[in-house]
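Colleague: So for the sequence shown, our numbering puts the first residue at 17; every next one is plus one. Ideal Cβ positions, reconstructed from N, Cα and C, are used throughout, including at glycine.
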Amino acid sequence: MRLFTSSDAIGRLYQDGVGGSRERVEDLSDLLFGSNVRRQGGHRRFTEEQLRIVRAAAVLRNLGVGVEELRELVEGGGEDIARELRARIALLDESVEALRGLKLRTA
C-alpha cells in the first residue's frame, strides 16, 4: 500500500483547486484521524482513502462547515460527507442562479 506525505496532500489540494497549507493538512488530519495516521520519522503518512477524506474536509471547511460539524460528518462515514458536499453544492448552485437573475434585472 502506497503512503503519501503531507506535501503530497498539499499538492493534491492545489491540483484540485482547493488549496491548502501544511498546517491545514495536519490540522485536518489530527481532527479526522487522530493517531490513526501512520508516521515515519515523525512525519505523517496518508493512505489514498485518507487523502480523499482530507480533500473533502478541506472543501467543506471552505464552504463554511464548522469543525464540530465536520467531526460529526467524518464519524458518520463517507456517505455523510458525500451527502453534505452535494447539499452544499446545491445551495451554491441556487445562489449562483439567484445572482444571475439579479444581474439580468439590473442590466
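#1: Using the rule of at least 16 other Cβ atoms within 10 Å of the residue's Cβ for burial, across every protein chain shown, is A37 buried or exposed?
#2: The beta strand (DSSP E) spanning R18 covers which residue range?
#3: Could you tell me the boundaries of the alpha helix (DSSP H) in which L86 lies?
#4: Since N78 is in the alpha helix (DSSP H), which residue starts that stretch and which ends it?
#5: Less than 8 Å between C-beta atoms, sequence neighbours within five positions excluded: which residues of the same chain meet that for L108?
#6: Given this structure, state the Cα-to-Cα distance separating R40 from R102, to the nearest angstrom.
#7: Could you tell me which residues DSSP puts in a beta bridge with Q31?
#8: Below 6 Å CB to CB, which residues in the same chain sit around M17 once its five sequence neighbours on both sides are set aside?
Modeller: On the basis of the data shown:
#1: Counted from its first residue, the sequence shown places residue 37 at position 21. For the sequence presented, residue 37 should be read as Ser rather than Ala. By the neighbour-count rule (16 or more Cβ atoms within 10 Å), S37 is not buried but exposed.
#2: Numbered from 1 along the sequence shown, position 2 holds the residue referred to as residue 18. Note, R18: premise wrong, no beta strand (DSSP E); not H, not E.
#3: Along the sequence shown, read from residue 1 onward, the residue named residue 86 stands at position 70. That run of the alpha helix (DSSP H) goes 83 to 92.
#4: Residue mapping note: residue 78 aligns to position 62 of the sequence shown, counting from 1. Its alpha helix (DSSP H) spans residues 64 to 78.
#5: Position 92 of the sequence shown, counted from the first residue, corresponds to residue 108. Same-chain partners within the cutoff: L79.
#6: Counting from 1 along the sequence shown, the entry for residue 40 is found at position 24. Counting from 1 along the sequence shown, the entry for residue 102 is found at position 86. Near 23 Å, if we compare the C-alpha coordinates of R102 and R40.
#7: On the sequence shown, residue 31 is found 15 positions in, with the first residue counted as 1. Its beta-bridge partners do not exist; DSSP assigns none.
#8: Residue mapping note: residue 17 aligns to position 1 of the sequence shown, counting from 1. Cβ within range, chain order: n/a, list empty.
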